[in-house]
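K.L.:
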Amino acid sequence: MKRNPGYLPSEAIGKRVRVKLAHGGEGATDANPMSPLGWAADGKGGCNWRRSGSPFDIAEYEVIA
18 MKRNPGYLPS EAIGKRVRVK LAHGGEGATD ANPMSPLGWA ADGKGGCNWR
68 RSGSPFDIAE YEVIA
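Start counting at 1 in the sequence shown, then tack on 17, and there's your number in the working numbering.
Written out as structure tokens, the structure is:
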């Protein structure tokens, strides 16, 4: 996994990512087997890459699709 730079990484544009949050947990995914894995990195409903000091900030990410 790579450290969140605080902005949308160019390698993640238009992709889906798996994230680890600042509090140490992984970002939840939908349990529905028909839902895509991970989180949308950008677009409507995409990740918030800014770091605000919240325990729910993205700390690390991995591009998965």
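Here a beta-carbon is modelled for each residue, glycine too, at the ideal position from N, C-alpha and C.
Excluding the five sequence neighbours on either side, which residues of its own chain have a C-beta within less than 7 Å of the C-beta of Val80, listed in chain order?
P.N.:
Counting only Cβ-Cβ distances below 7 Å, and skipping sequence neighbours, we find Glu28, Ala29, Lys32 and Val34.
K.L.:
DSSP state of Ala76, grouped into three classes?
P.N.:
Ala76: strand per DSSP, three-state reduction.
K.L.:
Going by beta-carbon coordinates alone, are Gly55 and Gly44 separated by less than 9 Å?
P.N.:
The answer is yes: Cβ separation under 9 Å.
K.L.:
Smallest Cα separation from Gly60: which of Leu25, Asn21 and Gly42?
P.N.:
If we check each option's Cα against that of Gly60, Leu25 comes out closest.
K.L.:
Does the Cβ-Cβ distance between Leu38 and Ala76 come in under 9 Å?
P.N.:
In this structure, Ala76 lies closer than 9 Å to Leu38 by Cβ.
K.L.:
Following the continuous beta strand (DSSP E) through Leu54, name the residue where it begins and the one where it ends.
P.N.:
First-last for Leu54: undefined, no H or E at that position.
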